[in-house]
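Engineer:
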Amino acid sequence: MKYLLLMYGDESVWEEGTPEEQQAWLAAHDRFDAAVRQRARMLGGEALAGSATSTMLAPQDGGGRREVTEGPFAETVEQLGGYYVVEAADLDLMIELCHELPDYYRLEIRPIVEFDPEGP
Amino acid sequence: MPTTGDTESGHALEAAWREHWSRLLALLVARYRRLDLAEDGLGDAFAAAAQHWPTEGVPANPPAWLLTAARRRVTDRLRAEAVAARKEPLLVVDADLSHRAQQPRAGTGEEIPDERLRLVLLCAHPALSPESSSMLTLRLVIGLTVPDIARLFLARDSAVAARITRAKRRIVATGMPFALPARQDLAARVNRVADVAYLSFTAGYVPGPGADLFRADLAGEALRLLRVVREVTEPTPTVDLVLALTLLQHSRRDARVDPRTGDLVLLPDQDRSRWHRAEITEALDLLAPYLEAPPAPGAGGVRLLEALIAAEHALALTAHQTRWDRIADYYDQLERLTGSPVVRLNRAVAVAEAQGPAAGLALLDGLPPGGDPHRLPAVRAELLARCGRVEAAAAAYDEAIALCRNEVERVHLEQRAQQLHREGR
C-alpha cells in the first residue's frame, strides 16, 4: 500500500536547535530514508518552507473566484513541516519505520487511495 | 448466538459456537483476506447447521462441517463479485500464512502461531479506539451478534453495527496486518487485549441507568476472551492478573442480589456459600507466583493490588474475619500509584473498618468526586451515621439519593436513610 506520511512539529524547535541538534535531526531523516529503502519503497517527500510562507485560497459564498489570504488557517503551534510518500507492506511496517524520525514530530500516516484503472 | 433447543444438535451447535467460532473465523480470514466475507460466510454456516443438524444428525466433525460450509459460501460470494468485476481492498496477510491456511493442518513440529492470536491482536490494534476494539473483539473473537453487543453496551443496534463496520473498514483501508506484531510490540498488544477484556468486564458490573444492577453475561464473555488469550500466548503478568481479578469479582455474582427481592446485597451481607469457590481457587492459583515476584511497576502493579484486595475478601470465611488492615494497606499503595479519587474513597471505607469511622471520614475531606457521583455522599453518610452524627448523615443520604441513577442502588440508599431516621428517634 502507498502511504502519505505527514510530519507536524513546532517550527521553532528546528530554528532554535543547536547546530549539533540539527545535525542529529538530519541524521535521523537519513536513517529513515535508509530504512525505507531497505524494507519498503520511497516514492517521494519534501521539506516545506515555514508556515509564514503559506498562502490560502478560500472558497467564496455563492461561488466566484477564491479569495487569497495570508497564512495557514489555524493558529496552532504545530505546523506541517514536510512529508514522505512511501510504499510499504502494511501499517505496522510504516509505524516501525517512523520510529527513526526525529522525536519532536507528531506523525500522521494516511493511506493513499489507489484507483483501479480498469474499475468503473 | 445460535438459538439452542434442549436437543443434541442444539447442544452440539452451542458447543461448536463457543469452542470453534474464533478459530474458524481466523482460518477463513487467513485464507480469503476478507473480514466481511469470512464473517458472513461463517454466520451462514452456523445458520445452515441450525437448519440441517436437527434433521440430518450432528456431523462426526462439527468444526470441519462448518468450515466446509463457510468456505463454499465465501467462494460463491467471491465468484459473484468476480463476475461483477469489483476489486475490494484486501486485508494484508503474510504470504506465508495465506499459503499455510490453504494446506491441511500441519502436524506438530515447529512452533505454529495460532491464527486466533492474530485475530485477537488485529482487533486490539492500537490504531483502533478501545471501544471499537471491545466491540470488534466481542463480534469477531467471541462471535456475539450485533444485538447482543448493543444490549451489553446499552447502545442502539444501528450505532453498534455502524461502529463495527467502520472499524472493519478502517482495518482494511489503513492496511493493518493480520500478522503477529514485532516481538517488542507483542506484549503491549496482548496487554491491550487484557485491557479490552477488562473494559468489557467492568461494563458488565458498573451499574448503568435502569433496573439491572449488573450484567453477568457480559462479564462472562470477557472471561472467555481472557482464557482464549492465555491459551494462545505466552502468559503475561497483565493477562494473568486481569484474569485473576475478574474471576474473583465474577465469583460473587450470585450473591450480589437478593434472590427474593432483587435488592442489592453489599459485600458484608452476602451469603458467602453462594460464591463460586472453583473460580476463587483458580484466581488464587493465578496470583500465587506474583506474590513471590511482583510484576514491574506500571499497569501490572495496579492490577496486582486490585486482585490482592479482591483476594482478601474472597479468603475471609465471614465478613467479620475480613483483614481490613491489609486491605487498607493495599489501597494506600494503590492510591500512591494511581492518585485516583475513587481509590481514595475505597481506602476510606477500608480504613473506617480497620481503625473506626472517624479515621475513614478524615480521608474524605476535600476529596473531589470521581466515578459514580452518588458514591462519595453515600460513603460519607454511612460513616457519619456510624459516628452518631445523625443529622449530617441524613443530609448526606439525601444528597446521595438525588445523585443516584441506578434504581436498585437508590432503593438501597433510601432504606438506609429510613433506618437511620427510625434509630435517630
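Residue numbers (the UniProt record's numbering), protein chains in the order written: chain U, 1 to 120; chain Z, 1 to 425.
Quick reminder that beta carbons are idealized off the backbone N, C-alpha and C, glycines included.
(1) Report the residue from ALA244/Z, VAL408/Z and ASP398/Z whose alpha carbon sits nearest the alpha carbon of VAL257/Z.
(2) Which of helix, strand or coil does DSSP assign to ARG389/Z?
(3) Shortest alpha-carbon distance to CYS387/Z belongs to which of PRO357/Z, LEU403/Z and ALA402/Z?
(4) Tell me the rounded alpha-carbon separation between GLU70/U and ARG139/Z.
(5) Taking GLU306/Z as the reference, which of ARG274/Z, ARG170/Z, VAL342/Z and LEU317/Z has the closest Cα?
(6) Anything in chain B within Cβ reach of ASP30/U, meaning under 8 Å, just list it in chain order.
(7) Applying the 10 Å Cβ sphere with the 16-neighbour rule, what's the burial state of GLU15/U?
(8) Under 8 Å between beta-carbons, which chain U residues line up against ALA173/Z? List them in chain order, please.
(9) Does the region 189-202 of chain Z touch the region 218-225 of chain Z, meaning 3 or more C-beta pairs lie closer than 8 Å?
(10) Could you tell me the distance, in whole angstroms, from the CA atom of ASP148/Z to the CA atom of GLN38/U?
(11) For MET56/U, does the count of other Cβ atoms within 10 angstroms reach 16, so buried, or fall short, so exposed?
(12) Can you check DSSP and say which residues form a bridge with ASN61/Z?
(13) Would you call the CB atoms of VAL193/Z and ALA244/Z closer than 7 Å?
(14) How about the region 42-56 of chain Z and the region 7-21 of chain Z: do they share at least three Cβ pairs that are nearer than 8 Å?
(15) Looking at the strands, I want to know which residues DSSP matches up with ASP10/U.
(16) State buried or exposed for PRO59/U, treating a residue as buried only when at least 16 other CB atoms are found within 10 Å of its CB.
(17) Does chain Z have any CB closer than 7 Å to the CB of ASP92/U?
(18) Is PRO62/Z close to chain U, meaning its C-beta is less than 7 Å from at least one C-beta of that chain?
(19) Are the region 99-112 of chain U and the region 21-34 of chain Z in contact at 8 Å, needing three or more beta carbon pairs?
(20) Quick check on TYR198/Z: does DSSP put it in helix, strand or coil?
(21) Counting contacts by CB-CB distance shorter than 7 Å, is MET42/U in contact with chain Z?
(22) When you compare the CB of MET56/U with every CB in chain Z, is at least one pair closer than 7 Å?
(23) Along the chain, where does the beta strand (DSSP E) that runs through LEU107/U open and close?
(24) Can you give the Cα-Cα distance for PRO377/Z and GLU399/Z, rounded to whole angstroms?
(25) What are the start and end residues of the alpha helix (DSSP H) that includes THR238/Z?
(26) Does VAL146/Z pass the burial test, meaning 16 or more other C-beta atoms within 10 Å, or should it be called exposed?
(27) Could you check the C-alpha separation between GLY57/Z and MET176/Z for me, to the nearest Å?
(28) Can the beta-carbon of ALA88/U be found closer than 7 Å to that of ALA40/U?
(29) Measuring only the C-alpha atoms, how far is ASP90/U from GLY63/U?
(30) Could you name the residues of chain U that CYS182/Z contacts, counting a contact when the two beta carbons are closer than 8 Å?
(31) What is the rounded straight-line gap between the Cα of LEU48/U and the Cα of GLY300/Z?
(32) Alpha carbon to alpha carbon, how far is ARG344/Z from THR246/Z? Give it in angstroms, no decimals.
(33) State the Cα-Cα distance for the pair PRO259/Z and PRO235/Z, rounded to the nearest angstrom.
(34) Using only the alpha-carbon positions, how far apart do GLN321/Z and THR238/Z sit?
(35) Under 7 Å between C-beta atoms, does MET1/U make it to chain Z?
(36) Please tell me whether LEU383/Z and ALA362/Z are closer than 7 Å, where the distance is taken between their beta carbons.
Structural biologist: The relevant details are as follows:
(1) Here residue 257/Z corresponds to residue number 257 of the second sequence, with the count starting at 1. Ranking ALA244/Z, VAL408/Z and ASP398/Z by Cα distance to VAL257/Z puts VAL408/Z first.
(2) The sequence position of residue 389/Z within the second sequence is 389, counting from 1. The answer is coil: DSSP assigns ARG389/Z none of H, G, I, E or B.
(3) As a position in the second sequence, residue 387/Z is number 387, starting the count at 1. It is PRO357/Z whose Cα lies nearest to the Cα of CYS387/Z.
(4) Taking the first sequence and counting its residues from 1, the one referred to as residue 70/U is at position 70. Taking the second sequence and counting its residues from 1, the one referred to as residue 139/Z is at position 139. Take the alpha-carbon of GLU70/U and the one of ARG139/Z: they are about 49 Å apart.
(5) In the second sequence, the residue the question calls residue 306/Z occupies position 306. Of the listed residues, the one whose Cα sits closest to GLU306/Z is VAL342/Z.
(6) Among the protein chains of the structure shown, namely U and Z, there is no chain B.
(7) Working through the first sequence from its first residue, we reach residue 15/U at position 15. In this structure GLU15/U is exposed. Its beta-carbon is surrounded by fewer than 16 other beta-carbon atoms within 10 angstroms.
(8) For the purposes of this step, residue 173/Z is taken as the residue at position 173 of the second sequence. Listed along chain U are PRO111, each with a C-beta nearer than 8 Å to that of ALA173/Z.
(9) In this structure the region 218-225 of chain Z lies against the region 189-202 of chain Z, because at least three pairs of beta carbons, one per stretch, are closer than 8 Å.
(10) Working through the second sequence from its first residue, we reach residue 148/Z at position 148. Working through the first sequence from its first residue, we reach residue 38/U at position 38. Here the alpha carbon of ASP148/Z sits roughly 47 Å from the alpha carbon of GLN38/U.
(11) As a position in the first sequence, residue 56/U is number 56, starting the count at 1. MET56/U counts as exposed, since fewer than 16 other C-beta atoms from the protein chains shown sit within 10 angstroms of its C-beta.
(12) For the purposes of this step, residue 61/Z is identified with residue 61 of the second sequence, where counting begins at 1. Partner(s): none; ASN61/Z has no beta bridge.
(13) Looking up residue 193/Z in the second sequence gives position 193. Looking up residue 244/Z in the second sequence gives position 244. In terms of Cβ geometry, VAL193/Z and ALA244/Z do not form a close pair [threshold 7 Å].
(14) With a cut-off of 8 Å, the region 7-21 of chain Z and the region 42-56 of chain Z count as touching, because enough Cβ pairs lie within range.
(15) The residue you call residue 10/U lines up with position 10 of the first sequence. Under the DSSP definition of a beta bridge, ASP10/U partners with GLU78/U.
(16) Your numbering for residue 59/U matches position 59 in the first sequence. It counts as exposed.
(17) Counting from 1 along the first sequence, the entry for residue 92/U is found at position 92. Using beta-carbon distances, ASP92/U counts as an interface residue toward chain Z, with a partner under 7 Å.
(18) Indexing the second sequence from 1 puts residue 62/Z at position 62. So no, PRO62/Z is outside the interface.
(19) Result no; under three Cβ-Cβ pairs closer than 8 Å.
(20) Looking up residue 198/Z in the second sequence gives position 198. Helix, per DSSP.
(21) Stepping through the first sequence from its first residue, residue 42/U is reached at position 42. Taking Cβ atoms only, chain Z never reaches closer than 7 Å to MET42/U, which makes this a no.
(22) As a working mapping, residue 56/U is identified with position 56 in the first sequence. No, MET56/U does not count as interfacial toward chain Z.
(23) Residue 107/U sits at position 107 when you count from the first residue of the first sequence. Taken as a continuous stretch (DSSP letters only), the beta strand (DSSP E) holding LEU107/U covers 106-111.
(24) As a position in the second sequence, residue 377/Z is number 377, starting the count at 1. As a position in the second sequence, residue 399/Z is number 399, starting the count at 1. Going from the Cα of PRO377/Z to the Cα of GLU399/Z covers about 6 Å.
(25) Here the question's residue 238/Z lines up with position 238 in the second sequence. Start and end: 237-250.
(26) One-based indexing of the second sequence puts residue 146/Z at position 146. Burial call: buried.
(27) Taking the second sequence and counting its residues from 1, one reaches residue 57/Z at position 57. Taking the second sequence and counting its residues from 1, one reaches residue 176/Z at position 176. Taking the straight line from one Cα to the other gives about 41 Å.
(28) Counting from 1 along the first sequence, the entry for residue 88/U is found at position 88. Counting from 1 along the first sequence, the entry for residue 40/U is found at position 40. Contact: yes.
(29) Here residue 90/U corresponds to residue number 90 of the first sequence, with the count starting at 1. Here residue 63/U corresponds to residue number 63 of the first sequence, with the count starting at 1. So the alpha carbons of these two residues sit roughly 41 Å apart.
(30) Against the second sequence, residue 182/Z aligns to sequence position 182. In the sequence as displayed, the identity of residue 182/Z is Ala instead of Cys. Within chain U, the residues placing a beta-carbon under 8 Å from that of ALA182/Z are ASP92 and GLU96, ordered along the chain.
(31) Along the first sequence, one-based indexing puts residue 48/U at 48. Along the second sequence, one-based indexing puts residue 300/Z at 300. Here the C-alpha atom of LEU48/U lies approximately 43 Å from the C-alpha atom of GLY300/Z.
(32) Position 246 of the second sequence, counting from 1, holds the residue named residue 246/Z. Position 344 of the second sequence, counting from 1, holds the residue named residue 344/Z. Looking at the two C-alpha atoms, the distance is approximately 21 Å.
(33) If you number the second sequence from 1, residue 259/Z lands on position 259. If you number the second sequence from 1, residue 235/Z lands on position 235. Those two C-alpha atoms are separated by around 37 Å.
(34) The count along the second sequence starts at 1 and reaches residue 321/Z at position 321. The count along the second sequence starts at 1 and reaches residue 238/Z at position 238. Those two C-alpha atoms are separated by around 29 Å.
(35) Stepping through the first sequence from its first residue, residue 1/U is reached at position 1. With 7 Å as the cut-off, MET1/U counts as an interface residue toward chain Z.
(36) For the purposes of this step, residue 383/Z is taken as the residue at position 383 of the second sequence. For the purposes of this step, residue 362/Z is taken as the residue at position 362 of the second sequence. In this structure, LEU383/Z lies away from ALA362/Z, with their beta-carbon atoms at least 7 Å apart.
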